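Numbering (the numbering used here), first residue to last: 1 to 182.
Heads up, the beta-carbon is just placed ideally off N, CA and C, and yes, glycines get one too.
Predicted model, so just to flag it, every value in this text is computed and none were measured.
Taking it in order: structure first as structure tokens, then the write-up.
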């Protein structure tokens, strides 16, 4: 660990511009940041470096973020992990927390949000699962529909906006908001 460093931090995301920007932001905050473009690359780094924190993407080509989470926690049980995704949903959030993630955030996530996610109490219970017959609010149903269409277009906002019949910027604004609670 470098003098004055907060410790080693792993950032694993297949989106190079996002990974690089996030790594630079946490380096400026005092972390010794290691960047990885895939799950296998992250595991290779974790086999020879002890990390305090890890920020991992949920969807990656070679290995999912949930698989990576499980493998990282086997190698380093004390590791704090925040899972990031552009395709957030309640079931995957609950699954990530149950598998040992400290927290779960939807993209785009700012470094301040990620820091706050690490500060949350990891011993808290995951959010309650709604009853199967519970009806979501209109806002929640709309948000989930936007996420499904975005997933169907592999994250292409322009194509998703076209399919939804809305302007691209309008869709971006809606996606930047946090998901409605219910």
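Please list the terminal residues of the continuous alpha helix (DSSP H) segment that includes residue 145.
The residue you call residue 145 lines up with position 145 of the chain shown. Note, residue 145: alpha helix (DSSP H), 138-152.
Beta-carbon contacts of residue 229 that lie in its chain and below 6 angstroms, excluding the five residues immediately before and after
Outside the shown range of the chain (1 to 182) lies residue 229, about which nothing can therefore be said.
Quick check: the segment 9-19 against the segment 34-44, are at least 3 beta-carbon pairs closer than 8 angstroms?
Enough Cβ pairs lie closer than 8 angstroms, so yes.
Measure the C-alpha to C-alpha separation of residue 158 and residue 168 and round it to an integer number of angstroms.
As a position in the chain shown, residue 158 is number 158, starting the count at 1. As a position in the chain shown, residue 168 is number 168, starting the count at 1. Going by the C-alpha atoms only, they are around 6 angstroms apart.
Same chain, Cβ closer than 6 angstroms to residue 155, five either side skipped, listed in chain order:
In the chain shown, counting from the first residue as 1, residue 155 sits at position 155. Close CB contacts of residue 155 within its chain, under the 6 angstroms cut and outside five residues either way in sequence, are with 86 (chain order).
Relative to the C-alpha of residue 72, which candidate in 150, 54, 97 has its C-alpha closest?
Here residue 72 refers to the residue found at position 72 when the chain shown is read from its first residue. Of the candidates 150, 54, 97, the one whose C-alpha sits nearest the C-alpha of residue 72 is 54.
Helix, strand or coil for residue 167, going by three-state DSSP, please let me know.
The residue given as residue 167 occupies position 167 in the chain shown. DSSP places residue 167 in coil when its eight states are reduced to three.
Under three-state DSSP, which class holds residue 74?
Mapped onto the chain shown, residue 74 falls at position 74. Note: residue 74 maps to helix in three-state DSSP.
Residue 85 lies in the beta strand (DSSP E); which residues open and close that run?
Locating residue 85 in the chain shown gives position 85, where the first residue counts as 1. Residues 80-85.
Residue environment, residue 65, which counts as buried when at least 16 other CB atoms sit within 10 Å:
The sequence position of residue 65 within the chain shown is 65, counting from 1. By the neighbour-count rule (16 or more Cβ atoms within 10 Å), residue 65 is buried.
I need the DSSP call for residue 37, collapsed to helix, strand or coil.
Taking the chain shown and counting its residues from 1, the one referred to as residue 37 is at position 37. Looking at residue 37 - three-state DSSP - the assignment turns out to be coil, as it is neither helix nor strand.
Quick one: measure Cβ to Cβ for residue 146 and residue 174, integer angstroms, because I've assumed they're closer than 8 angstroms.
Reading the chain shown from its first residue, position 146 is the one you call residue 146. Reading the chain shown from its first residue, position 174 is the one you call residue 174. Contact holds; Cβ gap of about 6 angstroms.
Relative to the alpha-carbon of residue 172, which residue among 107, 112, 20 has its alpha-carbon at the smallest distance?
Here residue 172 refers to the residue found at position 172 of the chain shown. Out of 107, 112, 20, the CA that lies nearest to the CA of residue 172 is found in 107.
Simplified DSSP assignment, three categories, for residue 97
Taking the first residue of the chain shown as 1, we reach residue 97 at position 97. In the structure shown, residue 97 sits in a helix (DSSP, three-state: H, G or I).
Using DSSP's beta-bridge definition, name the partner residues of residue 69.
Looking up residue 69 in the chain shown gives position 69. In DSSP, residue 69 forms no bridge with anything.
Return the bridge partner residues of residue 6 from the DSSP annotation.
Position 6 of the chain shown, counting from 1, holds the residue named residue 6. BP columns for residue 6 are empty, so no partner.
C-beta atoms of residue 102 and residue 82 nearer than 8 angstroms
Within the chain shown, the letter at position 102 stands for residue 102. Within the chain shown, the letter at position 82 stands for residue 82. Less than 8 angstroms separates the beta-carbon of residue 102 from that of residue 82.
If you draw a straight line from the C-alpha of residue 163 to the C-alpha of residue 30, how long is it?
Taking the chain shown and counting its residues from 1, the one referred to as residue 163 is at position 163. Taking the chain shown and counting its residues from 1, the one referred to as residue 30 is at position 30. The alpha-carbon atoms of residue 163 and residue 30 are separated by roughly 43 angstroms.
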